[in-house]
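As numbered in this note's numbering, residues 6 to 114 make up the sequence shown, in order.
Positions of the beta carbon are idealized from the N, C-alpha and C atoms, including for glycine.
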Amino acid sequence: MLLAVETHFPSAPRISWSSFQLFVAAQTSCETTVLTTEASVEEDMGVTGMEAEDLVKDLAVRFGIDVSGFVYEDYFYPEPHLFLDYSRYRIKPLKLGDLYQAALTGRLV
6 MLLAVETHFP
16 SAPRISWSSF
26 QLFVAAQTSC
36 ETTVLTTEAS
46 VEEDMGVTGM
56 EAEDLVKDLA
66 VRFGIDVSGF
76 VYEDYFYPEP
86 HLFLDYSRYR
96 IKPLKLGDLY
106 QAALTGRLV
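Below, the structure written as structure tokens:
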């Protein structure tokens, strides 16, 4: 005799933009007026190097984001004192909206 088993997967908690924004503001000391979905982590927020890596790791812990496939060097400049010629170093843009989307989906790649 087969028994019907109901499987329940609770939905991921909905993360509001304002709670995400406040968390980022606390981690970076950026004014919330700067923290829009279009704000670039490097250019607009001025978060770079280890500070940027720490931000992503803090977001991963707080919001349960899998960052195992995220390549930090593709998105953030190295520490300013370690690399002087930024004109030869190219990074991909990473916007705060991308990080918020990762918080909603649970994955940043």
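Beta-carbon proximity of Gly74 to Gly111, cut-off 8 Å: no
May I have the straight-line CA-CA distance separating Asp71 from Arg93, to the nearest angstrom? 30 Å
Count the other CB atoms within 10 Å of the CB of Met50; is the residue buried (16 or more) or exposed (fewer)? buried
Please report how far the alpha carbon of Ala30 lies from the alpha carbon of Ser23, in whole angstroms. Roughly 10 Å between the two C-alpha positions.
Roughly how many whole angstroms lie between the Cα atoms of Glu4 and Val66? Shown here, the chain extends from 6 to 114; a query on residue 4 therefore has no answer.
Tell whether a beta-carbon distance below 8 Å holds between Leu64 and Leu104. A contact, by the Cβ cut-off of 8 Å.
Figure out for me which residue from Gly102, Thr37, Tyr82, Gln106 has the closest Cα to the Cα of Arg95. For the set Gly102, Thr37, Tyr82, Gln106, the Cα lying nearest the Cα of Arg95 is the one of Tyr82.
Leaving aside the five residues before and after Leu99 along the sequence, list all residues of the same chain whose C-beta is less than 6 Å from its C-beta, in chain order. Val46, Tyr80
Where do the N-terminal and C-terminal ends of the alpha helix (DSSP H) with Leu113 fall, by residue? Taken as a continuous stretch (DSSP letters only), Leu113 belongs to no alpha helix (DSSP H), as it is neither H nor E.
Return the residue from the list Val61, Leu27, Val52 that minimises the CA-CA distance to Ala107. Val61
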